[in-house]
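Step one of this worksheet: look at the structure below.
Protein chains in written order, with the numbering used here: chain A, 4 to 114; chain B, 301 to 787; chain C, 327 to 416; chain D, 2 to 246.
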């Protein structure tokens, strides 16, 4: 189960990277950022899972999973959301200048 | 205590400024210079506490293994001093030009300074990522601060590239966490050599790619010239002088601490990246007609110099890299301030339109000349000294190719800076006849004087030995681990 | 449990692919929202309720609404032009 | 196609990095310490909250600052924009339904924040719920309704005060000599694990973060909703004129 999770996380990360590299639409780029971030987060959360673990809440019955990655992930989710919000705000701004979100048509800064 | 305050004071300044703005703007006029000065002094004090022994600050009173710890050693001290001076100059320049009107700029500026100190001080990989993100977001915003379309577009480009870099760093941290179940940098450094080779390579690649993206080394450089040339002058000076150096610091810290023993081939990769960015940056710079773009590409090349120094992986190499970082902060901030001010005054950034500028703006052009001579590496100036030590370090390590690239790069940079200067000194007409205001001239003069002084100091004082000590201390990871974990 | 988890993971990868490959930005955004909810499910299965709550609220709620706002902002001129066209037609 | 292959290659290589490590059978590292000692040392029943606000409190301050930076930036980017026209909002039934729903949502958000040290949740999640409520109000009642009720100035004040409150609570620890953001070591009462009043400063920190995140995220949304920019104004008013005709 852990290996499945790792594999999915890596696959998702790579899809995000591929989206950023290949798509010419600025919205797609931002979507790629979100997907990439989720992949990295899934990897971290999976790192804390142990077989048959219970959530890290007192009182616990049985062995708890590792709570440290949960704290990391919480922080990282909020950071990712802020990144995305700022990126979208800038996309709106760029769109107001060029009236398009197609990277190929945005050629203000050359070379 | 002082380490904590160096982060908390600018941070709370950033929280207070909107309140001051909303409820009585006289307070803002009164407190803003105090805040700027306080941040400057506290950063310098934190830097001073790190020289000599390791200075530590434990958050929440937890030991380093459990909580987050701030560590100041020689390496972070030098970079803290660099950040203090660069931020101070940029703050002064902006304050002189704009006053207290654009208060949002100051909020973002103080957030940048607080998080920068955080990155330089922290001893925890995830904490570094968090501070790094504040710092990067603030940098993207400062780039697009002027809200011209170039600035917004450059900001978006910078944001996308920087965020991809940040996620690579996060991925590297995730791998490190999977392998060791901790993210304290000292604990990680202790357990890295036992890690499987495949994992180690993945972590190394993620970190190098992430930090190179953030620093703008050659294959990942394409956002840097746009961002650094589209921003307003104060921000350009800040970005080229300080922001890039923080990424360099993280690269040095991570590569030495984690891969110094475990995977030494990382340093070869860093050297190759350095040589590539040196040659690429200089070649691109020599083709530019826009003076700020020229300076921005020159920054790419100078990052190459610093990375070659890091890639040597020896005490001399690290010392030369650190020394060159400091010098580059002085030179490039000064160049951006002078060139940016000149370009603002004559309302063009095209080099060809600046013919005869010397005869109308003597002070600024003279300062520019000194700084340009320093960055090319004319002998008694600081640029020459650090480049000399870089060559010495690479010859010591027997990587003659790197040394050759260093020399060759200097020749190219001489060619294009001479092109700019010859335009400045050719007689020409058509500029309004008012000299720049005094404070800006004073900043420019101060920076060029520092360049001369730092170039002469190694002849009279053991300042170079100081840097070598910083380098050898940074290389000594055992001491670092012991100092952090055993307290 | 493992089989269910594998099923969710496959679905997750599929929604990520759709979000990446969809022609329409709007369908990509909706797919991203579904992706966020599935990710929250994965976090629940991995015994991380805190993270799942955050993921559900922030990533599939707030971020999606940000995307939709930004998308509608960029669509506005086109909409207006269309309206103008219709007006001219009349 | 080449890019796809490149990404798949990177993925394969990342997978080899993961496959080289063994799955954990039990917990090692600082987390083992947290699980055993959290109840005794911090008094929080939710170990994740204890880590976020006590063991690694500075991370959380940084995280709150990230949102603050974004809010500042988005407000800066759209500072020249203006609301020219409020969106109309939805029908009467939807309005009634939502105004019935809103108190419960607010209650839910406050519960998440206040119980953050005992159950899953906390300042971030609760703040995000509050922000969602304001977004809902914007959609249902039109964008000018919320503006007239809660001024941007109020939101900005709440946000700054939240940040200052966090720093102040941290500063108490610094003054007590136990380090920034110290909790029980700085004299905050630990209380009984599982009680509402327990875990020292953690509930207070949750409130501070909730204030900051709620106000911040809703400011981001409202800045982005601002419809028109000045340079765009004429074209829009023309179109509006057409609409009326």
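Built from N, CA and C at the ideal position, the CB exists for glycine as well.
Buried/exposed call for residue i, threshold 16 Cβ in 10 Å
i: residue 400(C); result: buried
i: residue 338(C); result: buried
i: residue 567(B); result: buried
i: residue 601(B); result: buried
i: residue 118(D); result: buried
i: residue 102(A); result: exposed
i: residue 738(B); result: exposed
i: residue 99(A); result: buried
i: residue 401(B); result: exposed
i: residue 196(D); result: exposed
i: residue 652(B); result: exposed
i: residue 375(B); result: buried
i: residue 589(B); result: exposed
i: residue 571(B); result: buried
i: residue 515(B); result: buried
i: residue 481(B); result: buried
Pair within 8 Å by beta-carbon distance, residue i and residue j
i: residue 124(D); j: residue 210(D); result: yes
i: residue 182(D); j: residue 360(B); result: yes
i: residue 422(B); j: residue 410(B); result: no
i: residue 575(B); j: residue 604(B); result: yes
i: residue 314(B); j: residue 407(B); result: yes
i: residue 437(B); j: residue 74(D); result: yes
i: residue 417(B); j: residue 382(B); result: no
i: residue 120(D); j: residue 47(D); result: yes
i: residue 51(A); j: residue 72(A); result: yes
i: residue 222(D); j: residue 392(C); result: yes
i: residue 15(D); j: residue 13(A); result: yes
i: residue 595(B); j: residue 639(B); result: yes
i: residue 425(B); j: residue 495(B); result: no
i: residue 453(B); j: residue 95(A); result: no
i: residue 483(B); j: residue 477(B); result: yes
i: residue 9(A); j: residue 37(A); result: no
One or two residues paired with residue i in a DSSP bridge
i: residue 60(A); result: 47(D)
i: residue 422(B); result: 370(B)
i: residue 446(B); result: DSSP output for residue 446(B) lists no bridge partner at all.
i: residue 192(D); result: 199(D)
i: residue 105(A); result: 28(A)
i: residue 650(B); result: 590(B)
i: residue 674(B); result: Partner(s): none; residue 674(B) has no beta bridge.
i: residue 67(A); result: 57(A)
Own chain residues within Cβ distance below 6 Å of residue i, not counting five before or after
i: residue 633(B); result: 386, 389, 537 and 541
i: residue 345(B); result: 302
i: residue 510(B); result: 465, 468 and 469
i: residue 529(B); result: 592, 593 and 596
i: residue 220(D); result: 72 and 156
i: residue 344(C); result: 357
C-beta neighbour in chain F for residue i, strict 8 Å
i: residue 121(D); result: This model lacks chain F altogether, as its protein chains are A, B, C and D.
Cut-off 8 Å between Cβ atoms - residues of its own chain near residue i, not counting five sequence neighbours on either side
i: residue 4(D); result: none
i: residue 675(B); result: 598, 602, 628, 631, 632, 635, 683, 713 and 717
i: residue 760(B); result: none
7 Å CB neighbourhood of residue i in its chain, flanking five on each side removed
i: residue 686(B); result: 620, 623, 624 and 627
i: residue 355(C); result: 390, 393, 394 and 397
i: residue 341(C); result: 357, 360, 361 and 364
i: residue 343(B); result: 306, 380, 383, 384 and 417
i: residue 190(D); result: 201
i: residue 781(B); result: 486, 489 and 490
i: residue 320(B); result: 327, 328 and 331
i: residue 116(D); result: 122
Sequence ranges, beta strand (DSSP E) only - wholly within the region 324 to 378 of chain B, length at least 3
Secondary structure within the region 324 to 378 of chain B: the beta strand (DSSP E) runs of 3 or more consecutive residues, fully enclosed, are 355 to 358 and 369 to 372 (chain order).
Give the list of continuous alpha helix (DSSP H) stretches no shorter than 4 residues that lie fully inside the region 475 to 547 of chain B.
The qualifying runs are 485 to 491, 497 to 515, 523 to 530 and 533 to 538.
Enumerate, from N- to C-terminal direction, the unbroken alpha helix (DSSP H) stretches of 4 or more residues contained entirely within the region 544 to 632 of chain B.
The qualifying runs are 544 to 562, 565 to 585 and 591 to 612.
What runs of the alpha helix (DSSP H), each 4 residues or longer, lie entirely inside the region 687 to 746 of chain B?
Entirely contained in the region 687 to 746 of chain B, the alpha helix (DSSP H) runs reaching 4 residues are, in chain order, 700 to 725.
Contiguous alpha helix (DSSP H) assignments of at least 4 residues, all confined to the region 105 to 172 of chain D
Correct list: 124 to 142 and 144 to 150.
Completely contained alpha helix (DSSP H) runs for the region 9 to 44 of chain D, where each covers 4 or more residues:
Listed in chain order, they are 31 to 42.
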